[in-house]
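In this note's numbering, the protein residues as written are 22 to 562.
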């Protein structure tokens with residue numbers, strides 16, 4: 022447009038310059054013209070020349086103004102280009118920030134999930150605590166049962182003492198029977214002299230001797246039975262010793278398990294230390310985010326200053342550049358959005374601080390739980406030591422019972438020797454009776470004495486049978502007690518296996534939590550990287 026105007030103006034001036042020349046030629050061609058222009062025309066020419074100079078000055082001024090306007094337009098275009106670049110960078114940063122916000126939201130979701138899982142694990146730990154309390158109660162019950170067993174062992178000792186007294190009494194009875202047999206031998210010697218006249222009485226005496234032999238055989242059978250009962254007692258003691266050794270092994274296994282649990286507790290403490298270090302790293306990240314927020318605030322202030330400057334320029338060039346107002350309004354909108362985003366980031370930082378405080382509280386709760394578990398483990402160690410002491414006492418009691426059994430075996434051997442002596446004496450008596458059948462003479466009084474002695478021996482045999490029956494009942498009760506004790510030990514072993522399985526499950530859960538924490542740390546590192554990239558871009562901006 023300016024070039025066209027220039028051309029038009031130049032063309033009009035040339036036409037104006039050419040017009041007087043034509044008029045001059047026409048005037049010269051006219052008749053009477055001498056070659057000089059009239060004064061009016063000269064005045065008009067002067068006026069035209071003055072107007073031409075004025076127009077030229079106006080054109081020069083307009084050209085200068087036009088150049089100034091073009092320069093201003095170029096500067097405005099450059100500013101518009103810079104603003105467009107800033108807008109493109111801002112939109113790119115906006116996209117990145119949206120992505121970062123989405124990542125932060127995802128991380129918040131993961132944190133909420135982890136918090137829920139930690140609460141679930143807290144409930145599970147409370148359940149484990151209840152189970153430990155139940156196990157304590159069961160241990161107390163077992164201790165009570167052990168005390169009851171100790172009382173039963175004391176009763177068995179008393180029974181053994183009573184058995185020893187009965188054995189002594191039987192020895193006394195055997196000594197009495199020996200004395201009686203000696204008396205009978207004397208009487209038999211006296212009767213041998215009288216037996217010559219009474220053969221029929223000898224046959225009766227022989228029958229009585231056969232009955233006595235039967236009684237002696239019955240006594241030998243009873244001694245065999247006593248030997249069998251003693252062997253049974255020995256087998257029972259051996260089985261009890263084997264069971265005690267098994268129980269010792271089991272208690273040793275439980276002790277090793279407790280040692281392993283203590284080691285695992287130490288590993289858990291190490292993991293807690295690592296978790297605290299991770300929390301410190303998160304705090305550092307929070308400080309970095311706060312620094313980012315401060316930098317963004319500085320950028321905001323800088324942009325506000327730029328906006329103020331641009332407003333000044335706009336006040337100077339409002340009439341010429343109305344388009345710049347629209348761009349400035351857009352920038353104001355963008356600045357408002359940035360302020361809103363900064364507010365949201367500050368709110369998110371406050372939320373992250375609250376989450377961190379909650380996590381610290383949870384860590385304190387976990388530490389308290391670990392202390393409680395340590396106390397429970399110490400109590401379990403104390404109970405194990407008490408059980409070991411009880412096992413030692415049972416070992417000493419077992420040794421005492423073995424010594425008593427040895428004494429009983431010695432007494433049994435003595436009784437066997439005495440029985441062999443009695444058998445020899447019986448054989449000698451039978452030989453002497455065979456030799457002195459002719460001299461044997463017995464009266465009715467002597468037969469009555471022999472009957473009384475037979476009745477006494479029958480009563481003694483009945484008493485021995487009652488004693489044997491009582492011993493059998495005691496053995497059966499001991500077997501029942503042993504079976505109940507074995508059942509209790511089995512139940513205890515089953516409970517220990519359940520506790521082990523629960524403890525292993527808890528370890529697996531702790532490992533899964535550690536993996537989640539590691540994943541959270543990786544995500545935080547990724548956020549750090551994104552924040553670093555944002556800082557670099559902001560610096561470049």
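Cβ coordinates follow ideal geometry from the N, Cα and C atoms, glycine included.
What you are looking at is a predicted structure, and each value in this text was computed from that prediction instead of being measured.
Of the residues the options, the one placed nearest residue i, counting alpha carbons only
i           : options            : result
residue 535 : 122, 138, 110      : 138
residue 563 : 532, 379, 203, 159 : The structure shown does not extend to residue 563, since the chain is modelled only from 22 to 562, so the question has no answer here.
residue 285 : 69, 540, 532, 207  : 532
residue 521 : 330, 96, 495, 281  : 281
residue 558 : 109, 82, 434, 68   : 109
residue 481 : 87, 95, 190        : 190
residue 493 : 298, 249, 200      : 249
residue 176 : 495, 530, 550, 115 : 495
residue 155 : 560, 67, 530, 519  : 519
For residue j and residue i, the rounded distance between their alpha carbons
i           : j           : result
residue 319 : residue 130 : 31 Å
residue 113 : residue 119 : 10 Å
residue 542 : residue 316 : 25 Å
residue 556 : residue 545 : 16 Å
residue 267 : residue 508 : 14 Å
residue 64  : residue 102 : 55 Å
residue 552 : residue 123 : 14 Å
residue 548 : residue 326 : 31 Å
residue 424 : residue 186 : 16 Å
residue 77  : residue 99  : 32 Å
residue 309 : residue 528 : 35 Å
residue 417 : residue 147 : 41 Å
residue 510 : residue 501 : 14 Å
residue 274 : residue 483 : 51 Å
residue 407 : residue 193 : 45 Å
residue 45  : residue 92  : Note that residue 45 has pLDDT 46, beneath the 50 cutoff, so the model's placement of it is unreliable and no number is given.
residue 505 : residue 498 : 11 Å
residue 270 : residue 172 : 24 Å
residue 323 : residue 330 : 11 Å
residue 168 : residue 161 : 10 Å
residue 86  : residue 74  : 18 Å
residue 72  : residue 89  : 25 Å
residue 302 : residue 107 : 34 Å
residue 554 : residue 540 : 21 Å
residue 473 : residue 197 : 15 Å
residue 96  : residue 116 : 30 Å
residue 435 : residue 410 : 38 Å
residue 152 : residue 491 : 44 Å
residue 537 : residue 379 : 17 Å
residue 515 : residue 393 : 24 Å
residue 427 : residue 421 : 10 Å
residue 66  : residue 82  : 24 Å
residue 204 : residue 179 : 37 Å
residue 523 : residue 298 : 29 Å
residue 413 : residue 200 : 47 Å
residue 389 : residue 134 : 23 Å
residue 312 : residue 80  : 59 Å
residue 550 : residue 560 : 15 Å
residue 442 : residue 488 : 25 Å
residue 291 : residue 375 : 25 Å
residue 396 : residue 288 : 17 Å
Distance cut-off 7 Å: residue i Cβ against heavy atoms of the ligand COA
i           : result
residue 510 : This structure does not include the ligand COA; it has no bound ligands of any sort.
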